[in-house]
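Everything on this sheet refers to the single structure shown next.
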Amino acid sequence: MKHLLSAADLSRDMAGQILETAGAMHDVQNREVKKLPALRGRTVVNLFFEDSTRTRSSFEIAGKWLSADVINVSAKGSSVSKGESLHDTVLTVAAMGVDGLVIRHMRSGAPLQVSQWVDCMVVNAGDGTHEHPTQALLDAYTMQAQLGTLEGKHVVIVGDLTHSRVVRSNLILLKTLGAHVTLVAPPTLMPSGIAAWAGADGFETSYDLDAVLPHADAVMMLRVQRERMSGGYFPTPREYTVGYGLTRDRLGLLPAHAVICHPGPMNRGLEISPDAADEARSKVLDQVSAGVAVRMSVLYHLLASNEGAGA
Amino acid sequence: MASTTDYLITGADVVGSGAADILVRDGRIAEIGTGLDVPSGIERVDADGLVALPGLVDLHTHLREPGREDAETIRTGSAAAAAGGFTAVFAMANTNPVTDTAEAAERIAELGERVGLVDVHPVGAVTKSLAGEELAELGLMARSRAQVRVFSDDGKCVHDARLMRRALEYVKAFDGVVTQHAQDPLLADGSACCHEGEVSGRLGLPGWPGVAEEVIVARDVMLARHTGSRVHIAHASTAGTVEVLRWAKSLGIDVTAEVTPHHLMLETDLLAGYDPVFKVNPPLRPAEDIEAVREALADGTIDAVATDHAPHARHDKEHAFADAAFGMLGLEQALAVLHTTMVEPGRMTWAQVAEATSARPARIARLTSQGGGLVAGAPANITLFDPAVTNVVDREESKSLSRNNPWHGHTLKGAVAATFLRGRRTFANGEVHQ
Chain F
1 MKHLLSAADL
11 SRDMAGQILE
21 TAGAMHDVQN
31 REVKKLPALR
41 GRTVVNLFFE
51 DSTRTRSSFE
61 IAGKWLSADV
71 INVSAKGSSV
81 SKGESLHDTV
91 LTVAAMGVDG
101 LVIRHMRSGA
111 PLQVSQWVDC
121 MVVNAGDGTH
131 EHPTQALLDA
141 YTMQAQLGTL
151 EGKHVVIVGD
161 LTHSRVVRSN
171 LILLKTLGAH
181 VTLVAPPTLM
191 PSGIAAWAGA
201 DGFETSYDLD
211 AVLPHADAVM
221 MLRVQRERMS
231 GGYFPTPREY
241 TVGYGLTRDR
251 LGLLPAHAVI
261 CHPGPMNRGL
271 EISPDAADEA
281 RSKVLDQVSA
291 GVAVRMSVLY
301 HLLASNEGAG
311 A
Chain Z
1 MASTTDYLIT
11 GADVVGSGAA
21 DILVRDGRIA
31 EIGTGLDVPS
41 GIERVDADGL
51 VALPGLVDLH
61 THLREPGRED
71 AETIRTGSAA
81 AAAGGFTAVF
91 AMANTNPVTD
101 TAEAAERIAE
111 LGERVGLVDV
121 HPVGAVTKSL
131 AGEELAELGL
141 MARSRAQVRV
151 FSDDGKCVHD
161 ARLMRRALEY
171 VKAFDGVVTQ
181 HAQDPLLADG
191 SACCHEGEVS
201 GRLGLPGWPG
211 VAEEVIVARD
221 VMLARHTGSR
231 VHIAHASTAG
241 TVEVLRWAKS
251 LGIDVTAEVT
261 PHHLMLETDL
271 LAGYDPVFKV
281 NPPLRPAEDI
291 EAVREALADG
301 TIDAVATDHA
311 PHARHDKEHA
321 FADAAFGMLG
331 LEQALAVLHT
341 TMVEPGRMTW
351 AQVAEATSAR
361 PARIARLTSQ
371 GGGLVAGAPA
381 NITLFDPAVT
391 NVVDREESKS
401 LSRNNPWHGH
411 TLKGAVAATF
421 LRGRRTFANG
431 EVHQ
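Line by line, the protein sequences are chains F and Z. The UniProt record's numbering applies: residue 1 is where the first sequence begins, and numbers increase by one. The UniProt record's numbering applies: residue 1 is where the second sequence begins, and numbers increase by one.
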């Protein structure tokens, strides 16, 4: 594996290795001296075309703890408006002699395109409404830590699925790891062609959160942007919360062993109530800490164990 | 061979009706038959095994001049057209400045004439600056030396129903036609770039649902019925559009439609690699839509094939998919695509191809100088097509200035061997004769 562009790049074996290494990396986080020499002399550029403080920080810390030289380049705004093509922007950065590009872009597919233009390693740190493979890895890591395994487990993903890159990566990786997935959203927030997609990939969909929750081993609440209302996706935040929020009342439907996840940032009171966000089953902060470990593992597997990949 | 217009084309299969010789004299077809009485010294063109078709007429071409001469010029676009077997093209109005005045239209016609490889007919904008707000000077464009008869805001839909109604009514005075780019701007806004369906869902690309085309087609056929006007649907791309067209024609509504080579062949699945060369408006559709437009072309529900040839500079395509320019080349591969998808599988005869690529588009545009078929006395606008060769398309071989060729690497059956415009050989042996 040269790049990590999609969760589909991960075989079950590779995903298992990355999660296992992440466990070892997690231990480093608890040391006093948090530094491994694995990527000494390697340069990783976080090329962010879209702001994301948490993802950028997570990749930055991950790279630094592995002793890589990490440089953050913010290329905010679409390249079209600046008159420079994505191709030229990326080649300019790559020409500085980098070993890895960690790319965040507001447009779907941009990291895949970039990987075809450069020789160095490319990691997708979130592209448009397409994928966010390291998020899926950290979600899997977090759920696995609580549930022991994901094999045969039932994961429920709730929220703005149409505009979520998290859900697409999770659908792929959870299937790879043997979990069963149910997507829950109002029909307007279900991705296009979901019926054919669910049929082909073997997952379920539902408009009824209450019916699904009692059978969940994990529930992942996705952020719902208030701006979606202007697109007519749902009438009011209040109505959304009543139908699809993880409210205090709904917590009672969730089994005691189940895990509550949220990729953040949370809209407290909209898709997740404070009661749910702060209770014992909620692993939101565990996810953040797992994010660093998983990204260390990804960088390690792509850069350290693959000599010559950064030609 | 420079400017001679006398030829004897020998042994060509004339529009699929069997081998014959075509005698071309003084820019006209003098005679078609076997054992013709041929004057001495006339140049013979061996067309054994080739199909002779009437010169192709493209209702939908983007030549980019004026404004984007880095992507295409009237000269390079004309060369690509000649290489594709075309003898007339209709140049869309979305240039910079927009073709929305008589002066702008005359300028394009004049530049086309100066190049002389194909007849270049400007399409006039329906609304000033394509803004969709006020009618452009349709009548002055019609009265100009360019004699504009086809009007379109192509690239943008005339979505204001009242304005569309007025445009349809107004052009009746000079037997004009409005070509509609059918795209409801709220159901498919400017960001919509992938057919809405499983592929757009998986790829996370903004969906362009077929219904955004179909509701405008349905509205416009009703407006055409109400006003008693002619409406032409650009680049019909969905099964739903075909159903509406079929229904409207059954009621006698004066609607015509075109389909592009790419919508006849290329599926939405090609977007999986996010290659912007496959970004086009309307988007590539799934197999069921492709089958529907093929069937509609074969049975005449769709009247014409038009390329929507849309050259783009490389740097306008080297963006993220959603940011890249819409459009793909079409002139040079159109006939081979039509052969590969329709003729070879037995779905269309050469006579039907001639109707869809020459006679009907000329009639829709009220073009009297072309589209008259291969008959004695007609202007010698002739395309020779070799159905036997198999070509792997190489975008570098294009006469266009641009390289956004969606068939690059595809295998197509057949190739244009030569093109004659009023007896002048504009293309032969891979070379354009300026």
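Glycine included, C-beta positions come from ideal geometry on N, C-alpha and C.
From F:D286, F:L302, F:V90, F:A304, residue whose alpha carbon lies closest to that of A29 (chain F): Numbered from 1 along the first sequence, position 29 holds the residue referred to as residue 29 (chain F). For clarity, residue 29 (chain F) is Gln in the given sequence; the question names Ala instead. Comparing Cα-Cα distances from Q29 (chain F) to each of F:D286, F:L302, F:V90, F:A304, the minimum goes to F:D286.
Whole beta strand (DSSP E) elements within the segment 143 to 181 of chain Z, 3-residue minimum: 150 to 152, 177 to 180
In this structure, does DSSP put Y240 (chain F) in helix, strand or coil? Your numbering for residue 240 (chain F) matches position 240 in the first sequence. Helix at Y240 (chain F).
Classify D254 (chain Z) as helix, strand or coil using the three-state DSSP reduction. Indexing the second sequence from 1 puts residue 254 (chain Z) at position 254. D254 (chain Z) falls in the coil class under three-state DSSP.
Report the option in F:D210, F:L137, F:G245 whose CA atom is closest to the CA atom of M221 (chain F). Within the first sequence, numbered from 1, the residue matching residue 221 (chain F) stands at position 221. Closest option to M221 (chain F), Cα to Cα, is F:G245.
Residue burial classification, T34 (chain Z) (beta-carbon count within 10 angstroms, cutoff 16): One-based indexing of the second sequence puts residue 34 (chain Z) at position 34. When all chains shown are included, T34 (chain Z) counts as exposed.
Give me the Cα-Cα distance between A234 (chain Z) and H105 (chain F), rounded to the nearest whole angstrom. The count along the second sequence starts at 1 and reaches residue 234 (chain Z) at position 234. The count along the first sequence starts at 1 and reaches residue 105 (chain F) at position 105. Going from the Cα of A234 (chain Z) to the Cα of H105 (chain F) covers about 34 Å.
Partners in chain F for F326 (chain Z), counting only beta-carbon separations shorter than 9 Å: Working through the second sequence from its first residue, we reach residue 326 (chain Z) at position 326. Here the premise fails: no neighbours, minimum Cβ distance about 13 Å.
Please say whether H181 (chain Z) and D160 (chain Z) have beta carbons closer to each other than 8 Å? Taking the second sequence and counting its residues from 1, one reaches residue 160 (chain Z) at position 160. Taking the second sequence and counting its residues from 1, one reaches residue 181 (chain Z) at position 181. Not closer than 8 Å, so no.
Taking DSSP's pairing of strands, which residues face W208 (chain Z) in a bridge? Taking the second sequence and counting its residues from 1, one reaches residue 208 (chain Z) at position 208. Partner(s): Z:H195.
Could you tell me whether the segment 125 to 133 of chain Z touches the segment 188 to 199 of chain Z, using the rule of 3 or more Cβ pairs below 8 Å? no
Identify which residue in Z:R143, Z:E69, Z:R68 has its Cα closest to the Cα of A105 (chain Z). Numbered from 1 along the second sequence, position 105 holds the residue referred to as residue 105 (chain Z). Looking at the Cα atoms, Z:R143 is the closest of the given residues.
Taking a contact to mean a Cβ-Cβ separation below 8 Å, would you say T176 (chain F) touches R295 (chain F) in this structure? Within the first sequence, numbered from 1, the residue matching residue 176 (chain F) stands at position 176. Within the first sequence, numbered from 1, the residue matching residue 295 (chain F) stands at position 295. No, these two residues do not count as a Cβ contact at 8 Å.
Option in Z:V343, Z:P206, Z:E397, Z:T73 with minimal Cα separation from L111 (chain Z): Position 111 of the second sequence, counted from the first residue, corresponds to residue 111 (chain Z). Minimum Cα distance to L111 (chain Z) is reached at Z:T73.
Beta-carbon of A311 (chain F) versus every beta-carbon of chain Z: anything under 8 Å? The residue given as residue 311 (chain F) occupies position 311 in the first sequence. Confidence at A311 (chain F) is low in this model, with a pLDDT of 33, below 50, so the placement of that residue is unreliable and no value is reported for it.
From the beta carbon of R165 (chain F), is the nearest beta carbon of chain Z less than 8 Å away? To locate residue 165 (chain F), count along the first sequence from 1; it is residue 165. Chain Z, which has a Cβ nearer than 8 Å to the Cβ of R165 (chain F), makes this yes.
Could you pull out every residue in the same chain whose Cβ sits closer than 7 Å to the Cβ of N381 (chain Z), ignoring the five residues on either side in sequence? Here residue 381 (chain Z) refers to the residue found at position 381 of the second sequence. Result list for N381 (chain Z): P54, G55, T87, Q370, F420, L421, R422, in chain order.
Nearest-angstrom Cα separation, counted from L138 (chain Z) out to G176 (chain Z): In the second sequence, the residue the question calls residue 176 (chain Z) occupies position 176. In the second sequence, the residue the question calls residue 138 (chain Z) occupies position 138. Cα-Cα distance, rounded: 9 Å.
Could you tell me whether the Cβ of Q113 (chain F) comes closer than 8 Å to any Cβ of chain Z? Counted from its first residue, the first sequence places residue 113 (chain F) at position 113. Answer yes: the Cβ-Cβ gap between Q113 (chain F) and chain Z drops below 8 Å somewhere.
Can you round the beta-carbon distance between L297 (chain Z) and M342 (chain Z) to whole angstroms, since I take them to be within the 8 Å contact cut? The residue you call residue 297 (chain Z) lines up with position 297 of the second sequence. The residue you call residue 342 (chain Z) lines up with position 342 of the second sequence. With a Cβ gap of about 7 Å, L297 (chain Z) and M342 (chain Z) count as contacting.
As assigned by DSSP and simplified to three states, the class of A428 (chain Z): Looking up residue 428 (chain Z) in the second sequence gives position 428. If DSSP states are grouped into helix, strand and coil, A428 (chain Z) belongs with the strands.
Cβ atoms of D394 (chain Z) and G414 (chain Z): under 8 Å apart, would you say? In the second sequence, residue 414 (chain Z) corresponds to position 414, counting from 1. In the second sequence, residue 394 (chain Z) corresponds to position 394, counting from 1. Taking 8 Å as the Cβ cut-off, G414 (chain Z) and D394 (chain Z) do not qualify as a contacting pair.
Provide the residue span of the beta strand (DSSP E) that contains R68 (chain Z), from first to last. If you number the second sequence from 1, residue 68 (chain Z) lands on position 68. No beta strand (DSSP E) holds R68 (chain Z); DSSP gives it neither H nor E.
Can you name the residues of chain F whose CB is closer than 8 Å to the CB of F278 (chain Z)? Within the second sequence, residue 278 (chain Z) is the residue found at index 278, counting from 1. Correct list: empty, because the minimum Cβ distance to chain F is about 11 Å.
Check the Cβ-Cβ distances between E318 (chain Z) and every residue of chain F, and say whether any is below 8 Å. As a working note, residue 318 (chain Z) is residue 318 in the second sequence. Yes, contact with chain F.
Please state if the CB of M143 (chain F) and the CB of A62 (chain F) are separated by a distance shorter than 8 Å. Residue 62 (chain F) sits at position 62 when you count from the first residue of the first sequence. Residue 143 (chain F) sits at position 143 when you count from the first residue of the first sequence. Result no, Cβ atoms of A62 (chain F) and M143 (chain F) do not sit closer than 8 Å.
Within 8 Å of any Cβ in chain Z, is that where the Cβ of L303 (chain F) sits? For this step, residue 303 (chain F) is matched to residue 303 along the first sequence. With 8 Å as the cut-off, L303 (chain F) does not count as an interface residue toward chain Z.
Touch test, the segment 353 to 361 of chain Z against the segment 303 to 311 of chain Z, Cβ-Cβ under 8 Å, three pairs minimum: yes
8 Å contact criterion, which A12 (chain Z) and L384 (chain Z) should meet: CB distance rounded: What you label residue 12 (chain Z) is simply residue 12 of the second sequence in a count that begins at 1. What you label residue 384 (chain Z) is simply residue 384 of the second sequence in a count that begins at 1. Indeed they touch by this definition, with Cβ atoms about 6 Å apart.
Hey, is L86 (chain F)'s beta-carbon within less than 8 Å of any beta-carbon in chain Z? Taking the first residue of the first sequence as 1, we reach residue 86 (chain F) at position 86. It does; some Cβ of chain Z falls within 8 Å.
Nearest to G202 (chain F) (by Cα), restricted to the options F:H180, F:P187, F:P235, F:L66: If you number the first sequence from 1, residue 202 (chain F) lands on position 202. Out of F:H180, F:P187, F:P235, F:L66, F:H180 has the C-alpha closest to the C-alpha of G202 (chain F).
Own chain residues within Cβ distance below 6 Å of A81 (chain Z), not counting five before or after: Position 81 of the second sequence, counted from the first residue, corresponds to residue 81 (chain Z). Once the five neighbours on either side are set aside, the close Cβ partners of A81 (chain Z) are V89, V118, L331.
Alpha carbon to alpha carbon, how far is T162 (chain F) from P237 (chain F)? Give it in angstroms, no decimals. As a position in the first sequence, residue 237 (chain F) is number 237, starting the count at 1. As a position in the first sequence, residue 162 (chain F) is number 162, starting the count at 1. In a straight line, the C-alpha of P237 (chain F) is about 17 Å away from that of T162 (chain F).
Distance between A376 (chain Z) and R28 (chain Z) (C-alpha atoms, nearest Å): Here the question's residue 28 (chain Z) lines up with position 28 in the second sequence. Here the question's residue 376 (chain Z) lines up with position 376 in the second sequence. If I take the Cα positions, the gap works out to 8 Å.
Reducing DSSP to helix, strand and coil, say where E271 (chain F) ends up. Counting from one through the first sequence, the residue named residue 271 (chain F) turns up at place 271. Three-state DSSP puts E271 (chain F) in coil, outside helix and strand.
List the residues of chain Z that W197 (chain F) touches, going by C-beta distances under 7 Å, in chain order. As a first step, residue 197 (chain F) must be located in the first sequence, where it is residue number 197. Per Cβ cutoff of 7 Å: E198, G201, R202.
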